[in-house]
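Undergrad: Let me give you the structure first, and then I'll get to my questions.
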Amino acid sequence: MVKDIPLVIPEVNPEHLGLIDIQQDKRKWDGYVVTNPNCTTIMMVVTLKPLMKFGIEKIYLASMQAISGAGYDGVPSMAILDNVIPYIGQEEEKVETETRKLLGEFNGSEVVDAPFKVSASCNRVMVMDGHTEAVWVEMAENPSTDEVKQAFLDFDPGLSDLPTEPTPVIEVKEEKDRPQPRMDRNIGGGMTVSVGRIRPGIRYICMGHNTIRGAAGASVLNAELLKKMGKL
(Lines of atoms letter the chains of each structure in order from A and count residues from 1; the text may use other names and numbers.)
(Lines give C-alpha, C1' and ligand atoms only; values in the text may rest on other atoms or scores of the structure.)
Protein backbone atom coordinates (compact mmCIF):
# COMPACT_ATOMS: atom_id res chain seq x y z
CA MET A 1 0.00 0.00 0.00
CA VAL A 2 1.12 3.52 -0.83
CA LYS A 3 1.18 5.95 2.11
CA ASP A 4 -0.47 8.91 0.37
CA ILE A 5 -3.24 6.92 -1.33
CA PRO A 6 -6.32 6.53 0.90
CA LEU A 7 -7.86 3.12 1.46
CA VAL A 8 -11.47 3.86 2.39
CA ILE A 9 -14.68 2.32 3.67
CA PRO A 10 -17.08 5.29 4.01
CA GLU A 11 -18.68 4.00 7.23
CA VAL A 12 -15.28 3.36 8.81
CA ASN A 13 -12.66 5.96 7.91
CA PRO A 14 -13.97 8.84 5.74
CA GLU A 15 -11.46 11.16 7.43
CA HIS A 16 -8.66 9.34 5.58
CA LEU A 17 -9.82 11.14 2.44
CA GLY A 18 -7.81 14.03 3.84
CA LEU A 19 -4.89 12.29 2.15
CA ILE A 20 -6.22 13.51 -1.21
CA ASP A 21 -4.87 17.03 -0.69
CA ILE A 22 -1.51 15.64 0.44
CA GLN A 23 -1.41 13.28 -2.54
CA GLN A 24 -2.20 16.04 -5.04
CA ASP A 25 0.36 18.39 -3.53
CA LYS A 26 3.08 15.75 -3.44
CA ARG A 27 2.47 14.37 -6.94
CA LYS A 28 1.38 17.63 -8.61
CA TRP A 29 -1.82 15.97 -9.77
CA ASP A 30 -5.13 17.61 -10.65
CA GLY A 31 -6.91 14.31 -10.04
CA TYR A 32 -6.39 11.75 -7.30
CA VAL A 33 -6.54 8.04 -6.49
CA VAL A 34 -8.76 6.51 -3.80
CA THR A 35 -8.83 2.73 -3.37
CA ASN A 36 -11.19 0.08 -2.00
CA PRO A 37 -10.00 -2.57 0.44
CA ASN A 38 -10.13 -6.29 -0.22
CA CYS A 39 -13.67 -7.69 -0.05
CA THR A 40 -12.83 -9.94 2.91
CA THR A 41 -11.37 -6.99 4.78
CA ILE A 42 -14.48 -4.88 4.20
CA MET A 43 -16.89 -7.36 5.82
CA MET A 44 -14.80 -7.69 8.96
CA VAL A 45 -13.74 -4.07 9.37
CA VAL A 46 -17.32 -2.76 9.10
CA THR A 47 -18.11 -4.90 12.16
CA LEU A 48 -14.92 -3.91 13.98
CA LYS A 49 -15.56 -0.17 13.74
CA PRO A 50 -18.26 -0.09 16.48
CA LEU A 51 -15.99 -2.21 18.70
CA MET A 52 -13.09 0.26 18.62
CA LYS A 53 -14.46 2.00 21.72
CA PHE A 54 -13.73 -1.15 23.73
CA GLY A 55 -9.99 -0.99 22.96
CA ILE A 56 -9.21 -3.67 20.38
CA GLU A 57 -5.96 -5.50 21.13
CA LYS A 58 -5.98 -8.61 18.91
CA ILE A 59 -8.07 -9.83 15.98
CA TYR A 60 -8.21 -13.36 14.56
CA LEU A 61 -10.11 -14.23 11.39
CA ALA A 62 -10.99 -17.44 9.58
CA SER A 63 -12.73 -16.74 6.28
CA MET A 64 -14.93 -18.93 4.09
CA GLN A 65 -14.83 -17.10 0.77
CA ALA A 66 -17.16 -17.50 -2.20
CA ILE A 67 -16.09 -18.72 -5.62
CA SER A 68 -17.03 -15.44 -7.31
CA GLY A 69 -14.29 -13.67 -5.36
CA ALA A 70 -11.71 -15.43 -7.51
CA GLY A 71 -13.11 -14.09 -10.80
CA TYR A 72 -14.38 -15.96 -13.85
CA ASP A 73 -11.19 -17.97 -14.38
CA GLY A 74 -10.14 -18.01 -10.73
CA VAL A 75 -11.01 -21.53 -9.51
CA PRO A 76 -11.31 -24.58 -11.81
CA SER A 77 -14.70 -26.25 -11.32
CA MET A 78 -13.20 -29.64 -10.53
CA ALA A 79 -10.90 -28.10 -7.93
CA ILE A 80 -13.69 -26.51 -5.89
CA LEU A 81 -16.42 -29.15 -6.36
CA ASP A 82 -16.90 -31.07 -3.09
CA ASN A 83 -13.91 -29.24 -1.69
CA VAL A 84 -12.45 -26.47 0.45
CA ILE A 85 -9.21 -24.82 -0.66
CA PRO A 86 -7.31 -23.61 2.43
CA TYR A 87 -5.19 -21.04 0.61
CA ILE A 88 -5.88 -17.85 -1.35
CA GLY A 89 -2.77 -16.15 -2.66
CA GLN A 90 -1.83 -12.94 -0.80
CA GLU A 91 -5.30 -12.73 0.77
CA GLU A 92 -4.19 -13.17 4.36
CA GLU A 93 -1.48 -10.53 4.04
CA LYS A 94 -3.98 -8.07 2.53
CA VAL A 95 -6.50 -8.57 5.32
CA GLU A 96 -3.86 -8.14 8.01
CA THR A 97 -2.29 -4.98 6.62
CA GLU A 98 -5.48 -3.33 5.33
CA THR A 99 -7.31 -3.77 8.63
CA ARG A 100 -4.61 -1.92 10.55
CA LYS A 101 -4.55 0.92 8.00
CA LEU A 102 -8.34 1.29 7.83
CA LEU A 103 -8.64 1.48 11.61
CA GLY A 104 -5.57 3.67 11.95
CA GLU A 105 -5.50 7.38 12.74
CA PHE A 106 -5.11 10.16 10.17
CA ASN A 107 -2.98 12.79 11.91
CA GLY A 108 -3.26 15.44 9.21
CA SER A 109 -0.26 14.32 7.20
CA GLU A 110 -0.37 10.51 7.16
CA VAL A 111 -2.26 7.49 8.43
CA VAL A 112 -0.69 5.82 11.46
CA ASP A 113 -1.64 2.14 11.46
CA ALA A 114 -3.64 0.79 14.38
CA PRO A 115 -1.29 -0.91 16.86
CA PHE A 116 -3.18 -4.16 17.38
CA LYS A 117 -2.34 -7.60 15.98
CA VAL A 118 -4.36 -9.08 13.10
CA SER A 119 -4.04 -12.74 12.12
CA ALA A 120 -6.03 -14.19 9.20
CA SER A 121 -6.59 -17.63 7.68
CA CYS A 122 -8.44 -17.50 4.35
CA ASN A 123 -10.27 -20.38 2.66
CA ARG A 124 -12.14 -20.78 -0.64
CA VAL A 125 -15.41 -22.68 -0.28
CA MET A 126 -18.09 -23.97 -2.64
CA VAL A 127 -20.47 -21.00 -2.32
CA MET A 128 -21.28 -18.80 -5.31
CA ASP A 129 -21.61 -15.37 -3.60
CA GLY A 130 -21.14 -14.18 -0.03
CA HIS A 131 -18.08 -14.31 2.20
CA THR A 132 -18.62 -15.76 5.68
CA GLU A 133 -16.05 -14.93 8.36
CA ALA A 134 -15.44 -16.23 11.88
CA VAL A 135 -13.95 -13.41 13.95
CA TRP A 136 -12.33 -13.42 17.40
CA VAL A 137 -11.60 -10.05 19.03
CA GLU A 138 -9.67 -9.45 22.25
CA MET A 139 -10.45 -6.05 23.80
CA ALA A 140 -9.02 -4.14 26.74
CA GLU A 141 -12.42 -3.43 28.29
CA ASN A 142 -13.59 -7.05 27.96
CA PRO A 143 -17.17 -6.17 26.93
CA SER A 144 -20.05 -8.57 27.45
CA THR A 145 -21.88 -10.16 24.54
CA ASP A 146 -24.83 -7.85 25.23
CA GLU A 147 -22.57 -4.78 25.03
CA VAL A 148 -21.11 -5.98 21.74
CA LYS A 149 -24.55 -6.73 20.32
CA GLN A 150 -25.76 -3.27 21.33
CA ALA A 151 -22.70 -1.67 19.73
CA PHE A 152 -23.59 -3.39 16.46
CA LEU A 153 -27.25 -2.35 16.73
CA ASP A 154 -26.37 1.27 17.54
CA PHE A 155 -23.83 1.67 14.74
CA ASP A 156 -24.83 4.66 12.61
CA PRO A 157 -22.09 6.27 10.52
CA GLY A 158 -24.39 9.14 9.50
CA LEU A 159 -24.32 8.46 5.77
CA SER A 160 -28.01 7.77 5.17
CA ASP A 161 -28.09 10.55 2.56
CA LEU A 162 -25.88 8.49 0.24
CA PRO A 163 -28.06 6.52 -2.23
CA THR A 164 -26.14 3.26 -1.88
CA GLU A 165 -25.82 3.36 1.92
CA PRO A 166 -27.86 0.50 3.45
CA THR A 167 -30.12 0.66 6.48
CA PRO A 168 -28.94 -0.91 8.65
CA VAL A 169 -25.23 -1.09 7.87
CA ILE A 170 -24.94 -4.03 10.28
CA GLU A 171 -27.84 -6.43 10.81
CA VAL A 172 -27.71 -8.62 13.91
CA LYS A 173 -29.19 -12.09 13.35
CA GLU A 174 -30.76 -13.73 16.40
CA GLU A 175 -31.02 -17.25 14.98
CA LYS A 176 -28.37 -19.74 16.14
CA ASP A 177 -27.48 -20.73 12.56
CA ARG A 178 -27.25 -17.31 10.90
CA PRO A 179 -25.96 -15.46 8.97
CA GLN A 180 -25.88 -17.73 5.92
CA PRO A 181 -24.82 -16.60 2.41
CA ARG A 182 -27.84 -17.97 0.56
CA MET A 183 -30.32 -16.42 2.99
CA ASP A 184 -28.64 -13.16 3.98
CA ARG A 185 -26.27 -11.93 1.26
CA ASN A 186 -28.86 -9.68 -0.44
CA ILE A 187 -29.99 -7.78 2.66
CA GLY A 188 -29.81 -4.05 2.04
CA GLY A 189 -29.42 -4.64 -1.68
CA GLY A 190 -26.27 -6.61 -0.93
CA MET A 191 -24.69 -3.73 1.01
CA THR A 192 -25.58 -4.75 4.58
CA VAL A 193 -23.13 -6.85 6.62
CA SER A 194 -24.89 -9.47 8.74
CA VAL A 195 -23.59 -10.55 12.15
CA GLY A 196 -24.60 -13.47 14.35
CA ARG A 197 -23.48 -16.03 16.92
CA ILE A 198 -22.04 -13.39 19.26
CA ARG A 199 -20.33 -15.31 22.05
CA PRO A 200 -18.03 -14.58 24.98
CA GLY A 201 -14.49 -14.09 23.99
CA ILE A 202 -15.61 -12.03 21.87
CA ARG A 203 -16.42 -14.34 18.95
CA TYR A 204 -18.92 -13.85 16.16
CA ILE A 205 -19.76 -14.63 12.53
CA CYS A 206 -20.09 -11.90 9.92
CA MET A 207 -21.17 -12.27 6.30
CA GLY A 208 -21.62 -10.00 3.31
CA HIS A 209 -22.00 -10.05 -0.46
CA ASN A 210 -18.45 -10.02 -1.77
CA THR A 211 -19.17 -8.67 -5.26
CA ILE A 212 -21.57 -5.94 -4.06
CA ARG A 213 -20.60 -4.77 -0.57
CA GLY A 214 -17.06 -5.98 -1.16
CA ALA A 215 -16.47 -4.68 -4.69
CA ALA A 216 -18.86 -2.82 -7.03
CA GLY A 217 -21.04 -1.37 -4.27
CA ALA A 218 -17.98 -0.30 -2.31
CA SER A 219 -16.72 1.68 -5.31
CA VAL A 220 -20.09 3.35 -5.85
CA LEU A 221 -20.38 4.25 -2.16
CA ASN A 222 -16.92 5.80 -2.19
CA ALA A 223 -17.86 7.83 -5.28
CA GLU A 224 -21.06 9.03 -3.60
CA LEU A 225 -19.11 10.14 -0.54
CA LEU A 226 -16.56 11.97 -2.68
CA LYS A 227 -19.36 13.77 -4.53
CA LYS A 228 -20.91 14.77 -1.20
CA MET A 229 -17.53 16.20 -0.17
CA GLY A 230 -17.29 18.20 -3.41
CA LYS A 231 -14.43 16.10 -4.76
CA LEU A 232 -16.35 14.95 -7.85
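Using numbering that gives the first Met the number 0, you'd call the opening residue of the sequence shown number 0 and step up by one each time.
Here a beta-carbon is modelled for each residue, glycine too, at the ideal position from N, C-alpha and C.
It should be emphasised that the depicted structure is a prediction, and the values quoted were computed from it without experimental measurement.
In the DSSP assignment, find the unbroken alpha helix (DSSP H) run with Ser-62 in it and report its ends.
TA: Run containing Ser-62: none in the alpha helix (DSSP H); it sits in the beta strand (DSSP E), 55–64.
Undergrad: To the nearest angstrom, how far is it from the Cα of Ile-169 to the Cα of Val-33?
TA: Their Cα atoms are separated by approximately 24 Å.
Undergrad: Taking the beta carbon of Leu-224 as the centre, do at least 16 other beta carbons fall within 10 Å, making it buried, or is it exposed?
TA: Label assigned to Leu-224: buried.
Undergrad: When burial is assigned at 16 or more other CB atoms within 10 Å of the CB, is Gln-89 buried or exposed?
TA: So Gln-89 counts as exposed.
Undergrad: Would you call the segment 187–205 and the segment 30–46 in contact, with 3 or more CB pairs under 8 Å?
TA: Contact between the segment 187–205 and the segment 30–46 is present, because at least three Cβ pairs lie under 8 Å.
Undergrad: When you compare the CB positions of Ile-55 and Met-138, do they come within less than 8 Å of one another, or not?
TA: Yes, Cβ-Cβ distance for Ile-55 and Met-138 is below 8 Å.
Undergrad: According to the neighbour-count rule (16 or more other Cβ atoms, all chains shown, within 10 Å of its Cβ), is Ser-118 buried or exposed?
TA: So Ser-118 ends up on the exposed side.
Undergrad: Going along the chain, which residues of its own chain have a beta-carbon closer than 7 Å to the beta-carbon of Gly-216, five neighbours each way excluded?
TA: Counting only Cβ-Cβ distances below 7 Å, and skipping sequence neighbours, we find Thr-163, Gly-189, Met-190.
Undergrad: Helix, strand or coil for Glu-10, going by three-state DSSP, please let me know.
TA: Correct three-state label for Glu-10: coil.
Undergrad: For Ala-150, which residues of its own chain have a beta-carbon under 8 Å away from its beta-carbon, when the five flanking residues on both sides are left out?
TA: Contacts found: Pro-49, Leu-50, Lys-52, Phe-53, Pro-142.
Undergrad: Which residue's Cα is closest to the Cα of Asp-112: Ser-120, Cys-121, Leu-102?
TA: Nearest option by C-alpha distance: Leu-102.
Undergrad: Where does the unbroken beta strand (DSSP E) through Asn-122 begin, and where does it stop?
TA: Taken as a continuous stretch (DSSP letters only), the beta strand (DSSP E) holding Asn-122 covers 116–123.
Undergrad: Excluding the 5 residues flanking Val-233 on each side, which residues of the same chain have their C-beta closer than 6 Å to its C-beta?
TA: With the chain covering 0 to 231 only, the question about residue 233 has no answer from this structure.
Undergrad: When the Cα atoms are used, what is the spatial distance from Leu-47 to Ile-4?
TA: Each residue's Cα considered, the two are about 22 Å apart.
Undergrad: Can you pull the DSSP bridge partners for Cys-38?
TA: None; Cys-38 has no bridge partner.
Undergrad: Would you mind sorting Pro-85 into buried or exposed? The rule is 16 or more other CB atoms within 10 Å of its CB.
TA: Label assigned to Pro-85: exposed.
Undergrad: To the nearest angstrom, report how far apart Thr-210 and Glu-132 are at their CA atoms.
TA: Thr-210 and Glu-132: Cα-Cα distance of roughly 15 Å.
Undergrad: Using a threshold of 8 Å, state whether the C-beta atoms of Met-0 and Ile-66 are closer than that.
TA: Not a contact, by the Cβ cut-off of 8 Å.
Undergrad: Restricting to Cα atoms, I'd like to know which of Gly-157, Ile-58, Glu-14 is closest to Val-110.
TA: It is Glu-14 whose Cα lies nearest to the Cα of Val-110.
Undergrad: Exposed or buried, which one is Arg-26 when buried takes at least 16 other CB atoms within 10 Å?
TA: Burial call: exposed.
Undergrad: In whole angstroms, give me the CA-to-CA distance for Pro-9 and Lys-100.
TA: About 14 Å.
Undergrad: Have a look at Ile-6 and Asp-145 and give me their C-alpha separation to the nearest angstrom.
TA: Strictly speaking, residue 6 in this sequence is Leu, with Ile absent from that position. If I take the Cα positions, the gap works out to 31 Å.
Undergrad: At the level of alpha carbons, what is the spacing between Glu-174 and Val-134?
TA: If I take the Cα positions, the gap works out to 18 Å.
Undergrad: Look at the alpha carbon of Arg-184 and the alpha carbon of Gly-68, and state the distance between them as a whole number of angstroms.
TA: Cα to Cα, Arg-184 sits roughly 14 Å from Gly-68.
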